[in-house]
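Colleague: The structure's right below; bear with me while I get my questions together.
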Amino acid sequence: MKKQVSTNAAPGAIGPYSQAIDTGSMLFASGQIPINPADGSIPEGIEAQTKQSLANVKAILDAAGLSVDNVVKTTVFLADMGDFAAMNEVYAQVFTAPFPARSAVAVKTLPKNVLVEIEVIAVR
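Quick note: the sequence shown uses the numbering used here, first residue 127, plus one each step.
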């Protein structure tokens, strides 16, 4: 069984994908860039962008009846690996031990030229 998860509290999908798919035991959330769903704005700087991306992740988790405590794996895409430490500071304010497994990858560009995109996998 797979069920689409959708919420207006996070940016809507702008292509042929879902915000998240819930399999009943696992949730696979698409990467979240730092778009404020209320007004479409993108904050300045890696700290503010990481905070907004994580707020979008939290909104999707909430729509599925989950929280960051259910997250077992994250992937963080960075436009500049030089932003890793600053992103990590914000990230560490959201996730607690035992921390999810994580990959952090530098990419050439991200949608809308943002600095960060974060995707998660969560379990029930």
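Even glycine gets a Cβ: it sits at the ideal position worked out from N, Cα and C.
Among the candidates Lys199, Asp148, Met213, whose CA atom is the shortest distance from the CA of Ala189?
Modeller: Answer by Cα proximity: Asp148.
Colleague: When the Cα atoms are used, what is the spatial distance from Val216 to Ala181?
Modeller: Those two C-alpha atoms are separated by around 11 Å.
Colleague: Spell out a yes or no on whether the stretch 193 to 212 and the stretch 237 to 248 are touching, meaning 3 or more CB-CB pairs, one atom from each, closer than 8 Å.
Modeller: Because the criterion of three Cβ pairs below 8 Å is met, the stretch 193 to 212 and the stretch 237 to 248 touch.
Colleague: Could you please give the first and the last residue of the uninterrupted beta strand (DSSP E) stretch that includes Gln145?
Modeller: It is not in any beta strand (DSSP E) - Gln145 carries neither H nor E in the DSSP assignment.
Colleague: So, with DSSP's three-state summary, where would you put Ala205?
Modeller: Correct three-state label for Ala205: coil.
Colleague: Kindly provide the ranges of any beta strand (DSSP E) runs that are 3 or more residues long and lie completely inside the stretch 147 to 193, ordered along the chain.
Modeller: Whole beta strand (DSSP E) segments, 3+ residues: 152 to 158.
Colleague: Which residue's Cα is closest to the Cα of Ala135: Phe225, Asn162, Val246?
Modeller: Ranking Phe225, Asn162, Val246 by Cα distance to Ala135 puts Asn162 first.
Colleague: With 16 other CB atoms within 10 Å as the buried threshold, where does Ile159 fall?
Modeller: Result: buried.
Colleague: Taking its Cβ as the centre, do 16 or more other Cβ atoms sit within 10 Å of Met127, making it buried, or is it exposed?
Modeller: Exposed: under 16 other Cβ atoms inside 10 Å.
Colleague: Taking only the alpha-carbon atoms, compute the straight-line gap between Phe225 and Gln175 and give it to the nearest angstrom.
Modeller: Rounded to whole angstroms, Phe225 to Gln175 spans 21 Å at the Cα level.
Colleague: Under a Cβ-count criterion, where at least 16 other Cβ atoms within 10 Å of its own Cβ denotes burial, should Ala146 be classed as buried or exposed?
Modeller: Ala146 should be labelled buried.
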